[in-house]
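Student: In mature numbering (1 follows the signal peptide of the UniProt record, and there is no 0), the protein residues as written are -27 to -1, 1 to 814.
Every residue gets a Cβ at the ideal spot worked out from N, C-alpha and C, and that includes glycine.
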Amino acid sequence: MKKVQLIVGICLGVILMACQTSPEATARSRNFNSDWKFNLGEVSGAASVTFDDTSWRSLNLPHDWAIEGNFDKNNPAGFNGGALPGGLGWYRKTFNMHESDKGKKVFVDFDGAYMKTTVYLNGDSIGFWPYGYSSFRFDLTSYLKFDVPNVIAVKVDNSQQPNSRWYSGSGIYRNVWLTVVDPVHVDHWGTYVTTPEVTNKQATFQLRTTVKNDNSAAVEVEITSRLLNANGKEVGVDIITVSVPAGERTEGNQKITLGNPHFWDIDDPYLYNIETELRVDGKLTDTYTTTTGVRTFRFDAEKGFFLNGKNMKINGVCMHHDLGCLGAAVNIRALERQLEILKEMGCNAIRCSHNPPAPEQLDLCDRMGFIVMDETFDMWRKRKTRYDYGNYFDEWHERDLDALIMRDRNHPSVLMWSVGNEVYEQWAHADRDTLSIEQANIVINFGYDDFQLSNIDEGMNVNKLLCKKLADRARVLDPTRPVTVGCNEPRPNNNIFGSGALDIIGLNYFHAWYDSVPKNFPGKAFLATETVSGLMTRGYYKMPGDSMFVWPYRGEKYKGMKLDPVAENYSCSSYDNCHVPWGTYHENSMRLINKHDFINGQFVWTGFDYLGEPTPFQFPARSSNFGIVDLAGFPKDIYYMYQSQWSDKAMLHLFPHWNWEEGQEIDLWAYYNNADEVELFVNGVSQGTKSKEKDIYHVSWRVRYVPGTIKAVSRKDGKVVLEKEIHTAGEPAGIRLTADRTTISADGTDLGFVTVEVVDKDGNLCPNADNLINFDIDGNAFIAGVDNGCAYSMERFKDNKRKAFYGKCLVVLQNNGSKGKAKLTATADGLTTTSLTVRAK
Ligand code: GAL
């Protein structure tokens, strides 16, 4: 009897399953990344339904075609753009709509495509978006077919370059979603959750929900908002009803009070969710989830930054959006790995320089406890490169600013908006025009209802006006966060400061001006929005370590320091003794930031090396030297200086390596914390015990090289805290493979980052090795990229081989969507072959 029941049950289950569509296919937001066709180059008729794309390449998004290319001096981006190809690409995808979606509203959501994206559905042009970093949505509903397949075609045009001061990537490099909703739904980015009243005992959540009614008749909509804690347990609820006229929007306002809130903090990034349900006549029409958190913060003009009542410095880094050898193609694990490396250093903040980040970056910052400075533009109306966004600014800036703030204003990690970086409009001489109100209206194209012309003083400088417009608009959309701009004109007559529109004075560099900030900007909070710009090549040391090299050479001031960068083999020293003239060295910036309580913190340029801007070099140099971490994700020595200052964890880092010319004078440095002193030994002989002096964040020794072993011992109250040993490495003999994780997810996107080291017969890293390593993969993964952090290497990122650079390289494995093992084998001439297995679950 039981057996019969079981069989009937199974049959019923199978029938039910056959009638149902997969949860993914019926979800509100459906991943639209798979099964695209791609062609690099212009093709006539490519938007048409009948166009034959069978010969095009099949791929899944996100996709960056530039990273697949070869470095070339003649690529239009130039070395500042990464020397990789641009061009124009077409994407096409054929898809079927399900019967159950009839009568629904259907949108396509692009998280980002670079750049000038035109979208066609079934041959009709349905929208264009020029800015390559914004997220945007188009309504597909009236163009969709249910009886035959639909064809979406997307043209992405990055052929006119340079259009950026760094590597942008090319293509649909972020995720794409198909959003399918009932005509009565939560509008695009339609929830706004704030916590206007917060104490330790109680937090009030204010929920604003914009309901869109695309029916032809008015509806009464019941909005249920539930507050869920991190375990998914309901801890508050509110229900209201709003009337929404046909074709219109209505905002519902609700409040939920929560006792004993669990705060979101950098060390304990606790998250709540608001689950919103809409009902018409008792029938559920939409469910929408908003992640939020409870925190208080303030930027103070005298005491600096406070998070949840606690005074602290913003210890941040600037980051560009590329992911090294993966290019701009967004990948959650690659972003997460960058943040893990930075977190381990003690970093607590990210500046998304100088454009809107991928939404996943902010999700990770929420989840991992990073403060975010969320930035819109690197230029306003005045272009920095010939084909950049400045050409579109007048017509598009309102939509792009709105898109950033509407998309990002629920993230607890985002604590400030930046409406620009070093825009040329800041300079007093940039535009002497003063305008009549009518002229201002034309030039700046006032489109916002709430920015009335009556707000404008007749004869106001157009650039001040523009700053005021952008900052005011940010505050209208989100009155809870301050607005800043990263400026590099430090004088108060800077148009941006002069506009009075900024909540936080943001200054890039000009470290020597910090002392005069309280006098120049009385009562204003101050943040060092960009600092340092140190130049370093991992593994390369220019001695003496205590001599400063300032590049690129600029005039008399740096006389005696002039160096020929090319003769230096495109390399910059790792002893914190090399930086650009407008910046300073890392320890100096640290000292100046620590000196004043009123400085809210800093964002170091940059956390990671990025593609493009290889200052102070030119081609074949093609990626930056500014990072604390190199392009492959290997920390440079300076990483440990930050760790010693920004983190509480006991650490000790001794450098450089111990392979030199016999008798050579070598500078040995150590970074440490949680100790009073460090003693250095060379082959067991003490070279003295040293302690950090005030405002100096390292200790150093100058010793003659003899092969053998160096050892640093840190002590606190006479007791050993840590020891570090480095041995002279022998000839390269083998390869060491170390995976960041040996088990990854079988979701087709997860990555295994494998560090490859050339070692001697005893396992010591060979610090100068440059062996070519070949990779072979057997199993359920493929090579997503290879790198070694060398900023002037012409080797391809998409390859199955890489030369070691100062002993190391990286291979990134990507799961292919199935479970099981992938075996990576590394071989090189003269070295013992090594393998490693990564499992996907
Ligand atoms: C800054 C700029 C950054 C980067 C940096 C290099 O002035 O904002 O984008 O170019 O210089 O030092």
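1. Secondary structure at residue 114, three-state DSSP: helix, strand or coil?
2. For residue 575, which of helix, strand or coil comes out of DSSP?
3. CA-CA distance, residue 813 and residue 783?
4. Using DSSP's beta-bridge definition, name the partner residues of residue 2.
5. To which residues of the same chain is residue -7 closer than 8 Å at the C-beta, ignoring the five residues directly before and after it?
6. The beta strand (DSSP E) with residue 325 in it runs from where to where?
7. Quick one: using the 10 Å Cβ neighbour count with 16 as the cut-off for buried, is residue 572 buried or exposed?
8. Look up residue 677 in the DSSP assignment and give the residues it is bridged to.
9. Does DSSP classify residue 165 as helix, strand or coil?
10. Relative to the C-alpha of residue 118, which residue among 131, 79, 629 and 106 is closest?
11. Given a threshold of 16 other Cβ atoms within 10 Å of its Cβ, counted over all protein chains shown, does residue 753 qualify as buried or as exposed?
12. Where residue 166 and residue 661 are concerned, what is the direct C-alpha to C-alpha distance, given to the nearest angstrom?
13. Which residue's Cα is closest to the Cα of residue 435: 401, 449, 465 and 463?
14. Here's a check: name, in chain order, each residue in its chain whose Cβ is nearer than 6 Å to the Cβ of residue 334, leaving out the five neighbours to either side.
15. So, residue 286 versus residue 279, is the Cβ gap smaller than 8 Å?
16. Kindly list the residues whose CB is nearer than 8 Å to the CB of residue 806, restricted to its own chain and excluding five residues on each side of it in sequence; keep chain order.
17. In chain order, what residues of the same chain lie with their CB nearer than 8 Å to the CB of residue 579, ignoring the 5 residues before and after it?
18. Alpha carbon to alpha carbon, how far is residue 88 from residue 12?
19. When you compare the CB positions of residue 358 and residue 391, do they come within less than 8 Å of one another, or not?
20. Near residue 586, what residues of its chain come up, given a Cβ to Cβ distance below 6 Å and the 5 sequence neighbours on each side ignored?
21. Compare the C-beta of residue 682 against all C-beta atoms of chain C and say whether one is closer than 8 Å.
22. Report the rounded CA-to-CA distance for residue 653 versus residue 470, giving the unit in angstroms.
23. Is there contact here, the segment 753 to 769 with the segment 683 to 697, by at least three beta-carbon pairs under 8 Å?
24. Taking the alpha-carbon positions, what's the residue 374 to residue 443 distance?
25. When the Cα atoms are used, what is the spatial distance from residue 590 to residue 811?
26. Using 8 Å as the cut-off, can you tell me whether the segment 536 to 550 makes contact with the segment 510 to 522, which would need three or more C-beta pairs spanning the two stretches below that distance?
27. What is the residue span of the alpha helix (DSSP H) that residue 617 lies within?
28. How big is the Cα-Cα spacing for residue 232 and residue 172?
29. Within its chain, find whatever has a CB closer than 7 Å to the CB of residue 111; leave out the 5 residues flanking it on each side and keep chain order.
30. Taking the alpha-carbon of residue 826 as reference, which of 632, 772 and 200 has the nearest alpha-carbon?
31. Quick check: the Cα distance between residue 133 and residue 90, rounded to an integer number of angstroms?
32. Could you tell me how far apart the beta carbons of residue 502 and residue 481 are, in whole angstroms, since I believe they sit closer than 8 Å?
33. By the 10 Å Cβ neighbour count, where 16 or more other Cβ atoms means buried, how is residue 212 classified, buried or exposed?
34. Taking residue 158 as the reference, give the member of 388, 773, 725 and 1 with the closest Cα.
35. Apply the 10 Å Cβ neighbour rule to residue 296 and answer buried if 16 or more other Cβ atoms are within range, or exposed otherwise.
36. Going along the chain, which residues of its own chain have a beta-carbon closer than 6 Å to the beta-carbon of residue 451, five neighbours each way excluded?
Tutor: On the basis of the supplied data:
1. In the structure shown, residue 114 sits in a helix (DSSP, three-state: H, G or I).
2. Reduced to three states, the DSSP call for residue 575 is strand.
3. The straight-line gap from Cα to Cα measures roughly 19 Å.
4. DSSP lists 152 as the bridge partner or partners of residue 2.
5. Reliability fails at residue -7, whose pLDDT of 47 lies under 50, so the model's placement of it is uncertain and the value that follows must be treated cautiously. Only residues of its own chain outside the window of five on either side were considered, and among them 71 and 73 have a CB closer than 8 Å to the CB of residue -7, listed in chain order.
6. Unbroken beta strand (DSSP E) run through residue 325: 322 to 325.
7. Label assigned to residue 572: buried.
8. DSSP lists 638 as partners of residue 677.
9. Per DSSP, reduced to three states, the secondary structure at residue 165 is strand.
10. With distances taken between Cα atoms, residue 118 lies closest to 79.
11. Answer is buried; the Cβ neighbour count reaches 16.
12. Distance between residue 166 and residue 661, taken at the CA atoms: about 58 Å.
13. Shortest Cα-Cα distance from residue 435 to any of 401, 449, 465 and 463 involves 401.
14. Answer for residue 334: 308, listed in chain order.
15. In this structure, residue 279 does not lie closer than 8 Å to residue 286 by Cβ.
16. Setting aside the 5 residues that flank it on each side, residue 806 is surrounded in the same chain by 708, 798, 799 and 800, each with a C-beta closer than 8 Å to its C-beta; the list follows chain order.
17. Cβ contact annotation for residue 579 (same chain, cutoff 8 Å, sequence separation greater than five): 290, 291, 292, 293, 326, 597, 599, 600 and 601, in chain order.
18. Rounded to whole angstroms, residue 88 to residue 12 spans 16 Å at the Cα level.
19. Result no, Cβ atoms of residue 358 and residue 391 do not sit closer than 8 Å.
20. Only 53, 139 and 597 meet the Cβ criterion.
21. Here chain C cannot be found, since the structure has a single protein chain.
22. Approximately 50 Å, taken between the alpha carbons.
23. At 8 Å Cβ cutoff, the stretches do not touch.
24. Put simply, the backbone Cα of residue 374 is about 8 Å away from that of residue 443.
25. Going from the Cα of residue 590 to the Cα of residue 811 covers about 38 Å.
26. Below 8 Å, enough C-beta pairs join the segment 536 to 550 and the segment 510 to 522 to call them touching: three or more.
27. First-last of the alpha helix (DSSP H) with residue 617: 611 to 619.
28. C-alpha separation (whole angstroms): 9 Å.
29. For residue 111, the CB contacts under 7 Å within the same chain, skipping 5 residues up- and downstream, are 80, 81, 92, 99 and 100 in chain order.
30. Lying before the first or after the last residue shown, residue 826 is absent from the chain, which here runs from -27 to 814.
31. Looking at the backbone, the Cα of residue 133 and that of residue 90 are separated by about 13 Å.
32. Right, their Cβ atoms sit about 5 Å apart.
33. With fewer than 16 Cβ atoms within 10 Å of its Cβ, residue 212 is classed as exposed.
34. Ranking 388, 773, 725 and 1 by Cα distance to residue 158 puts 1 first.
35. Looking at its Cβ environment, which holds 16 or more other Cβ atoms inside 10 Å, residue 296 is buried.
36. Apart from the 5 residues on each side of it in sequence, residue 451 sits with its Cβ closer than 6 Å to the Cβ of 378 and 382 in its chain, given in chain order.
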